[in-house]
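Chains as they are written, first to last, in the numbering used here: chain A, 8 to 206; chain B, 862 to 1157.
Note that beta-carbon positions come from the ideal geometry of N, C-alpha and C, so glycine has one too.
Have a look at the structure below, then the notes.
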Amino acid sequence: MKLRYRCAVVSYCPDMRSATARSLPVAILLVGRASGGTGVAVAAARHLRGLDPLSAAFMKNLVEMIKGHVNDAISRGEPGGLDMDTVLHSFEESLRNSLHVSEISEEESRTVELSQPSSSPELEQIVRAVMREAVDAAIAALMEASKEPDRAARQPTPNTRETSEQAARMALEFPDTTSWPLPWLTANDSQRLSRPSAP
Amino acid sequence: MRPMGVPNWRAELKSALSWRRSDNRAGEITRSGEAGGYMMTCDEIGDRRAYMKPTKVERGPFTARAAREKIVADLAHDIGANVPPVVLWERPNAGEEETFCCLSMVMCEHQRAWSEVKTLIMDPSCDRQVHEAIMATLPRDAAAGLALDAWVMQADHDNHDANMFFGWDASPSDEIAGIRGHLFFLDYSFSLGHRWCEKGHRRVLGWKPWDQDGWKATVKIPFPPYLDRYLLRDHLESTLQKIEAFPEETLNEVVLRIPDEYMSASEKQMILRGLVERRQIAREGVKSQLPQGGRT
């Protein structure tokens, strides 16, 4: 079976007003598609330091928040049309503030052998592996960017924003983060998802 | 009072500064959206950003986005609604993209989309201090925003959680209680009788075009789900009174000073007439959508 997937990097901007503030990757969203349907997985940084208390409150349930956005994005899609592009770009358009999508990867694919068609546990394992690779790639990119002297020189004081070194440390906590696939979705499943109801 | 570092764009019509793409692109989207835009900066405003739009060339009459953004931001300033200040900008070397653009100042250090805020304030397990910090200003800001939206017939604040945000600057005390944020309203391209033909938005809403007297409508204004229940009624009333008493001379000044390259003379006349008449209609539009009760 061929698994096709794309990733979105969710980043946090420490100062939206600033022309030179540098965003930090805080979560990775993966949307995958195979013959069985479309699947979604999220990995988020477990510890985020240096946030003001209100930002910390917003970031407390980062994974749940991202899941909510993804469900919204899926529910807004055309019936039966759970294509990766729609989900990712709808998700991106819903996050355009301090928390935002900084990158959407090109589609990649891999062929996997499954003992049973659409075997959920096996697919989960594959998604976890792909997630880890995506996270590692994001960390590598961040570390590389932090070596650029002109960008690093523009970093503001550590008291108000993260320095590149702090950013790197923050990101390095990713591999400890739990990631998991949401239920493997078929097109019909999308109709079950709806906006959160009012209390 | 303007926050420090925010220029007085209510008094300014067109920016003559040399704007360039900002290194910090948080808030842009990776593929061009409905209007398209970039984060910009320039030396004269220090380390600050503004969002430039549109990049897509306007599609015929009654679609002037930049001019609409400017008009509504000026009106919002005068009635005390939270819309970031806007200035027009003639973009040099725009190539295939739009030349007659506008810039909207990025206002706050921290900004959270309404979709994030609503989740937090509706969550029963939400920290009490967090809830109080948001609710200290949100009912007042939402009330002013609804009154403005009803006046200008804003069509794009319904199921579009990214067009509102709650923003704040970090408190020096690092305590939630010291934080004073505000709810801001964005993106007034689809107001003042804009013809959103591409997606048939007007048809979905059932609104008549303003050049066919569509401004007369006392329609329900699309507003964020759940937000109308938090409105501060006293502030809604005082903002509606400001709109009703808004000087016609000021409306003339705000609308007719827009250069013809940004909006045709006939479109300006159409909008001016609509705004003048809707001063007395906005209240009816608001009334039709208020839930029973609500915070007063």
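Member of the options whose CA lies at the smallest distance from the CA of residue i
i       : options                            : result
Y1091/B : K875/B, N885/B, I982/B             : I982/B
I1142/B : I1082/B, V944/B, L1044/B           : I1082/B
V47/A   : H76/A, K67/A, R24/A                : H76/A
A1038/B : E895/B, D988/B, A1011/B            : D988/B
F1107/B : Q1130/B, L1136/B, F1084/B          : L1136/B
I111/A  : N68/A, A34/A, L55/A                : A34/A
H1055/B : D1072/B, L1044/B, I1040/B, L1047/B : D1072/B
C962/B  : V1080/B, K1148/B, V948/B           : V948/B
S876/B  : R1139/B, K1129/B, M966/B, A1004/B  : M966/B
E958/B  : A934/B, A974/B, R920/B             : R920/B
Y899/B  : A1023/B, F1051/B, E889/B           : E889/B
H938/B  : L1133/B, I1104/B, A1078/B          : I1104/B
L1047/B : E1036/B, I1040/B, D1022/B          : D1022/B
L69/A   : L102/A, E120/A, A144/A             : L102/A
E1110/B : R881/B, G1146/B, L936/B            : L936/B
S976/B  : N78/A, V16/A, A136/A, T118/A       : N78/A
D1019/B : K1129/B, W880/B, E1114/B, L1088/B  : L1088/B
Where residue i falls, given that 16 or more other Cβ within 10 Å makes a residue buried
i       : result
M91/A   : buried
V918/B  : exposed
K979/B  : buried
L1117/B : exposed
M968/B  : buried
S986/B  : exposed
N869/B  : exposed
E930/B  : buried
V38/A   : buried
Q972/B  : buried
D1095/B : exposed
R926/B  : buried
L31/A   : buried
F181/A  : For F181/A, the pLDDT reaches just 39, beneath the cut-off of 50, and the residue's location in the model is therefore unreliable, although a value from the coordinates is still provided. Per the 10 Å Cβ criterion, buried.
A1016/B : buried
E172/A  : Low local confidence applies: a pLDDT of 45 at E172/A is under 50, so the model's placement there is unreliable, with the coordinate-based value given in what follows. Exposed, because fewer than 16 other Cβ atoms sit within 10 Å of the Cβ of E172/A.
G1067/B : exposed
M996/B  : exposed
H54/A   : exposed
N1024/B : buried
D293/A  : Within the shown structure, residues of chain A are numbered from 8 to 206, placing residue 293/A beyond reach of any answer.
E1128/B : buried
Beta-carbon neighbours of residue i, restricted to chain B and to distances below 7 Å
i      : result
S105/A : H971, Q972, R973
I111/A : T891
Rounded distance between the beta-carbons of residue j and residue i, thought under 8 Å
i       : j       : result
G1006/B : G1028/B : About 13 Å; that fails the 8 Å criterion.
T1100/B : I940/B  : 6 Å
L914/B  : A942/B  : Note that residue 914/B is Lys in the sequence shown here, rather than Leu. About 20 Å; that fails the 8 Å criterion.
Y12/A   : E115/A  : 6 Å
E970/B  : D1030/B : 4 Å
R1139/B : W1012/B : 6 Å
L1151/B : A1004/B : Contact flag wrong, Cβ pair sits at about 10 Å.
E99/A   : A15/A   : 7 Å
I257/A  : V119/A  : This structure gives no information on residue 257/A, because the portion of chain A shown stretches from 8 to 206.
Chain-ordered neighbours of residue i on chain E, where CB pairs are closer than 7 Å
i      : result
T902/B : This model lacks chain E altogether; the protein chains it does include are A and B.
Partners in chain B for residue i, counting only beta-carbon separations shorter than 8 Å
i     : result
C20/A : N885, A887, G888
7 Å Cβ cut-off: residues of chain A touching residue i
i       : result
D908/B  : S25, A26, T27
D988/B  : A64
E930/B  : None at all; the shortest Cβ gap to chain A is about 16 Å.
F1026/B : N104
W870/B  : The premise fails here: W870/B is roughly 15 Å from chain A at the closest Cβ pair, so nothing lies under 7 Å.
V967/B  : M23, R24
Residue i beta carbon near the ligand SAH (any heavy atom closer than 8 Å)
i     : result
V49/A : The ligand SAH is not part of this structure, which contains no ligands at all.
Within chain A, partners of residue i - CB distance below 9 Å
i       : result
W880/B  : Within chain A, no residue comes near W880/B; the closest Cβ sits about 11 Å away, beyond 9 Å.
W1012/B : The contacting residues do not exist; W1012/B stays about 26 Å from chain A at best.
S1050/B : Correct list: empty, because the minimum Cβ distance to chain A is about 15 Å.
8 Å Cβ cut-off: residues of chain A touching residue i
i       : result
E1138/B : None at all; the shortest Cβ gap to chain A is about 34 Å.
I1040/B : D59, P60, L61
Selection of the stretch 883–895 of chain B by Cβ proximity to chain A, strictly under 7 Å: S883, D884, N885, A887, G888, I890, T891, R892, G894
Residues of the stretch 1060–1091 of chain B with Cβ closer than 7 Å to any Cβ of chain A, in chain order: Y1087
Listed in chain order, which residues of the stretch 991–1006 of chain B have Cβ atoms closer than 9 Å to some Cβ of chain A? V991, A994, I995
Interfacial residues, the stretch 48–62 of chain A to chain B, with Cβ spacing under 7 Å: D59, P60, L61, S62
Could you run through the stretch 29–41 of chain A and flag, in chain order, every residue whose CB is less than 8 Å away from some CB of chain B? R29, S30
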